[in-house]
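Asker: Protein chains in written order, with our numbering: chain A, 1 to 269; chain B, 1001 to 1277.
#1: With a threshold of 16 other CB atoms inside 10 Å of the CB of residue 273 of chain A, please say whether the residue is buried or exposed.
#2: Determine the closest residue to residue 1095 of chain B out of B:1079, B:1110 and B:1106, with distance taken between C-alpha atoms.
#3: Assuming contact is defined by CB atoms lying nearer than 8 Å, are residue 1034 of chain B and residue 1192 of chain B in contact in what I supplied?
#4: Could you tell me whether the Cβ atoms of residue 1145 of chain B and residue 1198 of chain B are closer together than 8 Å?
#5: Flag this pair as yes or no: are the beta carbons of residue 1258 of chain B and residue 1023 of chain B separated by less than 8 Å?
#6: Note down, in chain order, each residue of its chain lying with its Cβ closer than 7 Å to the Cβ of residue 261 of chain A, except the 5 sequence neighbours on either side.
#7: Is any beta-carbon of chain B found at less than 8 Å from that of residue 143 of chain A?
#8: So with Cβ pairs under 8 Å, would you call residue 1135 of chain B a contact of chain A?
#9: Counting only beta-carbon separations shorter than 8 Å, does residue 1057 of chain B have a partner in chain A?
#10: Which residue comes first and which comes last in the beta strand (DSSP E) that contains residue 1174 of chain B?
#11: In three-state terms, what does DSSP make of residue 1033 of chain B?
#12: Using the three-state DSSP reduction, which class does residue 217 of chain A fall into: helix, strand or coil?
#13: Answer with yes or no whether the minimum CB distance from residue 174 of chain A to chain B is below 8 Å.
#14: What is the DSSP secondary structure of residue 1103 of chain B, reduced to helix, strand or coil?
#15: Which of the three DSSP states is assigned to residue 160 of chain A in this structure?
#16: Hey, is residue 1214 of chain B's beta-carbon within less than 8 Å of any beta-carbon in chain A?
#17: Starting from residue 184 of chain A, trace the alpha helix (DSSP H) both ways and give me its first and last residue.
#18: For residue 1272 of chain B, which residues of its own chain have a beta-carbon under 8 Å away from its beta-carbon, when the five flanking residues on both sides are left out?
#19: Just the C-alpha distance for residue 117 of chain A and residue 125 of chain A, rounded to the nearest angstrom, thanks.
#20: Is there a Cβ from chain B that is less than 8 Å from the Cβ of residue 265 of chain A?
#21: Residues of chain A with CB under 7 Å from residue 1225 of chain B, in chain order?
#22: For residue 1239 of chain B, name the three-state secondary structure that DSSP assigns.
#23: Should residue 1177 of chain B be flagged as near chain A, meaning a C-beta pair shorter than 8 Å?
#24: What number of angstroms, rounded off, separates the C-alpha of residue 1281 of chain B from the C-alpha of residue 1206 of chain B?
#25: Report the residues of the segment 1021–1049 of chain B with a CB closer than 9 Å to any CB of chain A, ordered along the chain.
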């Protein structure tokens, strides 16, 4: 009896395996691959999309922008994810960019700090340690405490890349979360740090960069320069599967705006 | 029934074996890829640039622990002597519960107080850009290891047979001479065990020092931001990608830390064994 039962059980399990497969094929699977910084936005989008199209599964694997773009060009994934603009050689190979969101990184200082307007060069000099006292920038005679995020953080790589100080930053302190950076800048008058625009609150002051105050509007019109696009990449001439097309359409539609905003990014259109 | 007890006993052993096995399996690949020498003695930790040298982390952990011992042991030791021998009953009844309360405070609270009180104070005193530093971590650790040093040393001192002290007093030694020349040496191995336990607690602490140490992988200096072995793991674990060399290297740090703690445990066992003999 036991033997028979276990046989039936095994048979049921085996069959269910195929059922699972065919179920996926009907609805379709979308494989996306790329930027880890887009994890939040992708999470919000896939969750919302699942409610709309429950039969379509969207997979996301965070491997980095570069490998996401080469993945879509090689055909190993349906949609590549990049948190930087495409390079010319990538576009020459047929990569097409669909901007789904913009991400602004604010440079924050203590509210008591009188220095409120910095140029990109000054920011680079501060973070590489060339400028080490606020008096050099017209502020009080106090040493600058440079606060940043730990290695591997998307905000850190975005900031360093845009300001052009990749791997050259001399941090006073590193913190494991955006909240820690903001909290510690708020409690230290000497501090300067950076944080995703959506996380900036009134406990710190966002500095103007090249005279432009960071805000949703200035990120959108491009006048605030410390920003980057979140891009979905497809390949020219390769037709997307129905499921992938549906997901891409959803991601660039006006409907996606609330989810993108909720994930802390700026809706571009 | 005996089976049940044996099983319970084996659960603990099982978990130790599981954790050891897991650490070795997940910690070795990165060491193999980076190379043991560059990993242990490399001076730069910058995962973004593919540099995985944990010498600054190892030295910080060693210096931090040594500093905590240098401050914490004398204070703890004298407190223990005071509690066990000198203190009037009323004072001892006030201090003893305070010490056990100190042991019960969660480490995140130590970190919080350090962050809100100690770090700004150090910034003012030394005119630093930020007060987060090795010094701040050492002070927090010193306070954290006090309870274990005090209570263990006190127990050891109280276990010294009364006859020893009476004999010493009868020979004309003063009370203080008796405590430091007779009681303390007699309780020596117990006090040594207390110190080793304090070292173990200090080297394994992460939460409190993450909040006051600044967490930049600099070579250790008293007033500079530093990163310990423990905080090195916890601060980068969140965003390191699964399966990446960075994540694997974090496990390797865990393995190194584990070996350090095994070493300290071995030392503790040795001290305790000597005590029994």
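The C-beta atom is built at its ideal place from N, Cα and C for all residues, glycine as well.
Answerer: Reading it off the structure:
#1: This structure leaves residue 273 of chain A out entirely; chain A is present only between 1 and 269.
#2: Of B:1079, B:1110 and B:1106, the residue nearest in Cα terms is B:1079.
#3: The answer is no: Cβ separation not under 8 Å.
#4: With contacts defined by Cβ atoms closer than 8 Å, residue 1145 of chain B and residue 1198 of chain B form a contacting pair.
#5: Going by C-beta atoms, residue 1258 of chain B is nearer than 8 Å to residue 1023 of chain B.
#6: Answer for residue 261 of chain A: 267, listed in chain order.
#7: Yes, contact with chain B.
#8: With 8 Å as the cut-off, residue 1135 of chain B does not count as an interface residue toward chain A.
#9: The C-beta of residue 1057 of chain B comes no closer than 8 Å to any C-beta of chain A.
#10: In the DSSP assignment, residue 1174 of chain B falls outside any beta strand (DSSP E), carrying neither H nor E.
#11: Residue 1033 of chain B: helix per DSSP, three-state reduction.
#12: Residue 217 of chain A: helix per DSSP, three-state reduction.
#13: Look at residue 174 of chain A: its C-beta is under 8 Å from a C-beta on chain B.
#14: When secondary structure is reduced to three states using DSSP, residue 1103 of chain B falls in the helix class.
#15: Look at residue 160 of chain A here: in three-state DSSP terms it is helix.
#16: With its beta carbon less than 8 Å from one in chain A, residue 1214 of chain B belongs to the interface.
#17: Where residue 184 of chain A is concerned, the enclosing alpha helix (DSSP H) stretches over 178–187.
#18: These residues qualify, in order along the chain: 1189 and 1193.
#19: Approximately 14 Å between the Cα atoms of the pair.
#20: No, residue 265 of chain A lies away from the interface with chain B (no Cβ there is under 8 Å from its Cβ).
#21: For residue 1225 of chain B, the residues of chain A that pass the 7 Å Cβ criterion are 172 and 173, in the order they occur in the chain.
#22: Shown here, residue 1239 of chain B sits in coil according to DSSP, grouped into three states, outside any helix or strand.
#23: It does not; no Cβ of chain A falls within 8 Å.
#24: In the structure as shown, chain B begins at 1001 and stops at 1277. Residue 1281 of chain B is therefore absent and cannot be evaluated.
#25: Under the 9 Å Cβ criterion, the segment 1021–1049 of chain B contributes 1045, 1046, 1047, 1048 and 1049.
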